Amino acid sequence: MNIAVCVKQIPDQSVPGKLDPSTHNLVREGKLILDDSDSYGVEMALQLVDRAGGGEVTLISMAPNGEVSGLRTALAMGADKAVLVSDPALAGSDALTTAKVLAAAIRRNPFDLVMAATESTDGYTGTVPVQIAEILDIPSVSFAKKVDIDNGVLKVQRQTESGYDEVECPLPALVSVTAGVVEPRYPSFKGIMAAKSKPVDTVDVAGLGVGALGVGQEIVTVRAAEERASGTVVVDEGEGYQQIVEFLESIKVI
Amino acid sequence: MPLSKIWVFAEPSESGISTTSLELVTAAAGFASTVEVFSYGVGSEVGQLLGDHGASKVVVVTDLNGVLAGTGVASVMAQRVPSEAPDAVFFASTPEGRDAAARLSAKLNLPVLTNVVNLSIDGDQLVSENAIFGGSEIVSARFTSSGPGLYIIRAKSFAAESKGGSAASVEEVSVGDIGSAGKARIVQSHVEARTGPKLDEASVVVSGGRGLGQQESYQLVEELAKLLNGAPGASRAIVDAGWVPYSYQVGQTGKTVKPTVYIACGISGATQHMVGMKGAKNIIAINKDADAPIFTIADLGIVGDVHKVLPKLIEAIKAKG
Ligand SMILES: Cc1cc2nc3c(=O)[nH]c(=O)nc-3n(C[C@H](O)[C@H](O)[C@H](O)COP(=O)(O)OP(=O)(O)OC[C@H]3O[C@@H](n4cnc5c(N)ncnc54)[C@H](O)[C@@H]3O)c2cc1C
Ligand SMILES: Nc1ncnc2c1ncn2[C@@H]1O[C@H](COP(=O)(O)O)[C@@H](O)[C@H]1O
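Listed in order, the protein sequences are those of chains U and W. Residue numbers for the first sequence follow my numbering, beginning at 261 and rising by one. Residue numbers for the second sequence follow my numbering, beginning at 28 and rising by one.
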């Protein structure tokens, strides 16, 4: 069982984000970290390969400036190797371009399954995984909350607006997972040491051999949203509920 | 009308067509002279409802046989785009809507604008708005490439309005051969039973988060919601923890709600949660941490323990009868 896991390396989300005033691209300076959303895919892939009794987990990432810190975290969790696409030409790529690049990177190694997260923390288009599946011409199951493989058949519980569907699908296929699908492990000290010598195959756009990559959309303006004024904040001394009752009465809910 | 034709991917619901889809049809009818809908899992009776909201035609894909709806309908749309040339296609920000938009985008090499919360016309072109950084900034964007613009639009961005139009014509089509994408099949569907008003339509929403401490405490949220004729909701933290089903989730990846009052109990107010409830008319928050971000948008904030405040609140409301 060989699994390609898409992992995005993103700016630390505890630092407020900003846009470059001239290009309107997200400023990505400083160290990038593994997107939490993708740690679930990494863990799920490690467990599936383990259950299958062998195979490889290959990380796939597109990031500027040859960034590998997020990849090292996922390698330390136990992934075997990584393909990193890094090229200044990719700055400001939209979701479709990203999907084309990632699909080409995935093709560099044999795979039975592609994993991704339902949406990234900083981009949250939620379209990249299924775009990848279409480009690779494979079936996709998005919004997975449980994933199993049984006799070469992928079995997924897929979240729907009103519950969930049990979906089955032959391999190769793509699954995008939600948080909560598994509990990601913390890298062990041994894992962190081992990660340092695991192979990272770094390629640029020319090396990938993907055709023309235009971006078909542009940002026109960015403005501050209207702020919602904050109201009254009171410390509960045992009577806080009374304030809520009065508020609900004032808006005629009770 | 600035545009000539917009397509809408519409999802079914118990009442025929989902409210979110009707919002998109209404919005489309404000921008284009012709609105055509692509749907599935519905009968020809939806022609009236959709016509009422401004659509003239409904293409219903009839034989999905377990194929994921987004995938199947996108395949039908892709075959027709070259000859029917819509100016834009609208999708809701739902699992099916995202699947459909992503498949269509990659099939036709068209970019997608996502998380759209507003649309306007500039000249003869649509300009979309989406909120970033937890809603603190609004980005306006448009397409620079040719071909139909694909837009994934968040629920409650537009109001659904019945305009009293005549029934839309209904065309039933077969999904045809959709290749390997069609190999993923639903073998069984599970609907999680809920009672009371629907989360995204209720005028009162009471949501619980990790601050409840344990699954059993969610009962307090349910009880309060019931007393107020509202719907219980949740943060993703407690959905991931398995305390409540995903259909309860409010936020970026869950439902968008715009009730008269939203009561957040033990929820910190992460940007991804606030995106889904900021539009509430009134917000009440109970959190024991005075610095919790939820207080920055609350009309009434109670710094306190949910385990102390909620039982008293429930008793007081019960006492009022
Ligand atoms: C791509 C992406 C999409 C996401 N989508 C969503 C989404 O759709 N919806 C969503 O909700 N989240 C979403 N999240 C997750 C989000 O970032 C937060 O992790 C989540 O909202 C936190 O939930 P919480 O507020 O319940 O938990 P926490 O952030 O852990 O907050 C718990 C709060 O409870 C308070 N508390 C503790 N004990 C008590 C007590 N006894 N009484 C009162 N207060 C108490 C604490 O002070 C704290 O503020 C998403 C994240 C990502 C990356
Ligand atoms: N630059 C990237 N590198 C690797 N994976 C990515 C990248 N962008 C998106 N993905 C994958 O696609 C998922 C959804 O991203 P998005 O469509 O941007 O919300 C992410 O969680 C990743 O699994």
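Every residue gets a Cβ at the ideal spot worked out from N, C-alpha and C, and that includes glycine. The structure displayed is predicted, hence computed values, not measured ones.
Length of the line joining the Cα atoms of W/Gln242 and U/Leu335: Residue numbering aside, residue 242 of chain W sits at position 215 when the second sequence is read from its first letter. Residue numbering aside, residue 335 of chain U sits at position 75 when the first sequence is read from its first letter. The alpha-carbon atoms of W/Gln242 and U/Leu335 are separated by roughly 34 Å.
Backbone secondary structure at W/Asn142 - three-state DSSP: Taking the first residue of the second sequence as position 1, residue 142 of chain W is located at position 115. W/Asn142 falls in the strand class under three-state DSSP.
Heavy atom of ligand 1 within 7 Å of U/Glu303 beta-carbon: By 1-based counting over the first sequence, the position of residue 303 of chain U is 43. For ligand 1, not one heavy atom lies less than 7 Å from the Cβ of U/Glu303.
Distance between W/Glu228 and W/Gly257 (C-alpha atoms, nearest Å): Position 230 of the second sequence, counted from the first residue, corresponds to residue 257 of chain W. Position 201 of the second sequence, counted from the first residue, corresponds to residue 228 of chain W. Using only the alpha carbons, I get a separation of about 9 Å.
Reduced DSSP category for W/Pro122 - H, G, I as helix; E, B as strand; rest coil: Here residue 122 of chain W is taken as the residue at index 95 of the second sequence, counted from 1. If DSSP states are grouped into helix, strand and coil, W/Pro122 belongs with the helices.
W/Gly281 beta carbon near ligand 1 (any heavy atom closer than 7 Å): Here residue 281 of chain W is taken as the residue at index 254 of the second sequence, counted from 1. W/Gly281 Cβ: within cutoff of ligand 1.
The region 80-98 of chain W contacting the region 487-496 of chain U, beta-carbon criterion three pairs below 8 Å: Not touching, per the Cβ criterion.
Terminal residues of the beta strand (DSSP E) in which W/Pro259 lies: Taking the second sequence and counting its residues from 1, one reaches residue 259 of chain W at position 232. Counting along the chain, the beta strand (DSSP E) containing W/Pro259 begins and ends at Ala258 to Ala261.
Residue-chain proximity (W/Asn142, chain U), Cβ-Cβ < 8 Å: Here the question's residue 142 of chain W lines up with position 115 in the second sequence. Closer than 8 Å: yes.
C-alpha gap between W/Lys339 and W/Ile165, whole angstroms: Start at 1 with the first residue of the second sequence, and residue 339 of chain W comes out as number 312. Start at 1 with the first residue of the second sequence, and residue 165 of chain W comes out as number 138. So the alpha carbons of these two residues sit roughly 40 Å apart.
Spatial distance of W/Ser201 from U/Leu373 (CA atoms): Reading the second sequence from its first residue, position 174 is the one you call residue 201 of chain W. Reading the first sequence from its first residue, position 113 is the one you call residue 373 of chain U. C-alpha separation (whole angstroms): 29 Å.
Boundaries of the beta strand (DSSP E) in which U/Ala376 is found, first to last residue: Position 116 of the first sequence, counted from the start, is the residue given in the question as residue 376 of chain U. Start and end: Leu373 to Ala377.
Sheet register partners of W/Pro39 (DSSP bridge): Taking the first residue of the second sequence as position 1, residue 39 of chain W is located at position 12. Within the DSSP bridge table, the entry for W/Pro39 names W/Ile44 as partners.
Proximity to U/Gly423 [Cα-Cα], best of W/Ser173, W/Thr61 and W/Pro272: Numbered from 1 along the first sequence, position 163 holds the residue referred to as residue 423 of chain U. That would be W/Pro272, whose Cα lies nearest to the Cα of U/Gly423.
CB of W/Asp79 within 8 Å of CB of W/Gly192, strictly: The sequence position of residue 79 of chain W within the second sequence is 52, counting from 1. The sequence position of residue 192 of chain W within the second sequence is 165, counting from 1. Against a cut-off of 8 Å, the Cβ pair of W/Gly192 and W/Asp79 comes out as a contact.
Between the CA atoms of W/Ala55 and W/Phe27 - distance to the nearest angstrom: Past the edges of chain W, shown from 28 to 348, lies residue 27 of chain W, and the structure says nothing about it.
Proximity test, U/His284 beta-carbon vs ligand 1 heavy atom, cut-off 7 Å: Here the question's residue 284 of chain U lines up with position 24 in the first sequence. False, no ligand heavy atom lies under 7 Å from that Cβ.
Other residues of its chain near U/Lys415: CB distance less than 6 Å, five sequence neighbours each side excluded: Along the first sequence, read from residue 1 onward, the residue named residue 415 of chain U stands at position 155. Hits under 6 Å: Asp408 and Glu428.
DSSP three-state assignment for U/Gln502, whether helix, strand or coil: Taking the first residue of the first sequence as 1, we reach residue 502 of chain U at position 242. It is helical.
Cβ pair U/Thr381, U/Phe403 closer than 8 Å: Within the first sequence, the letter at position 121 stands for residue 381 of chain U. Within the first sequence, the letter at position 143 stands for residue 403 of chain U. It is not a contact, given that the beta carbons lie outside the stated cut-off.
Against chain U: residues of the region 104-118 of chain W by CB proximity under 9 Å: none
Span separating the alpha-carbon of W/Ala295 from that of W/Arg263: If you number the second sequence from 1, residue 295 of chain W lands on position 268. If you number the second sequence from 1, residue 263 of chain W lands on position 236. Before going further, note that residue 295 of chain W is Ser rather than Ala in the sequence given. Approximately 11 Å between the Cα atoms of the pair.
Counterpart residues of U/Pro430 in DSSP-defined beta bridges: Counting from 1 along the first sequence, the entry for residue 430 of chain U is found at position 170. Its beta-bridge partners are U/Val413.
DSSP beta-bridge partners of U/Met322: Against the first sequence, residue 322 of chain U aligns to sequence position 62. Per DSSP, U/Val345.
Contiguous alpha helix (DSSP H) assignments of at least 4 residues, all confined to the region 234-297 of chain W: DSSP runs (the alpha helix (DSSP H)) wholly in the region 234-297 of chain W: 245-254 and 263-267.
W/Pro39 versus U/Val505 - alpha carbon distance: What you label residue 39 of chain W is simply residue 12 of the second sequence in a count that begins at 1. What you label residue 505 of chain U is simply residue 245 of the first sequence in a count that begins at 1. Approximately 38 Å, taken between the alpha carbons.
Same chain, Cβ closer than 8 Å to W/Phe58, neighbours up to 5 away in sequence not counted: To locate residue 58 of chain W, count along the second sequence from 1; it is residue 31. Hits under 8 Å: Met28, Pro29, Leu30, Ile33, Ala115, Leu146, Ile148 and Leu153.
Backbone secondary structure at U/Val267 - three-state DSSP: Numbered from 1 along the first sequence, position 7 holds the residue referred to as residue 267 of chain U. Three-state result, U/Val267: coil.
DSSP-derived helix/strand/coil call for W/Leu153: On the second sequence, residue 153 of chain W is found 126 positions in, with the first residue counted as 1. Correct three-state label for W/Leu153: strand.
Closer than 7 Å: W/Val157 CB and nearest ligand 1 heavy atom: One-based indexing of the second sequence puts residue 157 of chain W at position 130. Sequence check: residue 157 of chain W is Asn here, not Val. No, the beta carbon of W/Asn157 sits no closer than 7 Å to any heavy atom of ligand 1.
Unbroken alpha helix (DSSP H) run spanning U/Asp298, endpoints: Working through the first sequence from its first residue, we reach residue 298 of chain U at position 38. Unbroken alpha helix (DSSP H) run through U/Asp298: Asp296 to Ala312.
is_contact[U/Val401, chain W] using C-beta, thresh 8 Å: Taking the first residue of the first sequence as 1, we reach residue 401 of chain U at position 141. With 8 Å as the cut-off, U/Val401 counts as an interface residue toward chain W.
Boundaries (first-last residue) of the beta strand (DSSP E) holding W/Asp79: Position 52 of the second sequence, counted from the start, is the residue given in the question as residue 79 of chain W. Looking at the DSSP string, W/Asp79 is not in any beta strand (DSSP E); the run it does join, the alpha helix (DSSP H), is Val73 to Asp79.
Span separating the alpha-carbon of W/Ala297 from that of W/Leu95: Position 270 of the second sequence holds residue 297 of chain W. Position 68 of the second sequence holds residue 95 of chain W. Cα to Cα, the separation comes out at about 31 Å.
Interface flag, W/Arg237 vs chain U, CB-CB below 8 Å: Here residue 237 of chain W refers to the residue found at position 210 of the second sequence. No, because no Cβ of chain U sits closer than 8 Å to the Cβ of W/Arg237.
Nearest-angstrom Cα separation, counted from U/Ile293 out to U/Ile452: Along the first sequence, read from residue 1 onward, the residue named residue 452 of chain U stands at position 192. Along the first sequence, read from residue 1 onward, the residue named residue 293 of chain U stands at position 33. When rounded, the distance between both Cα atoms is 15 Å.
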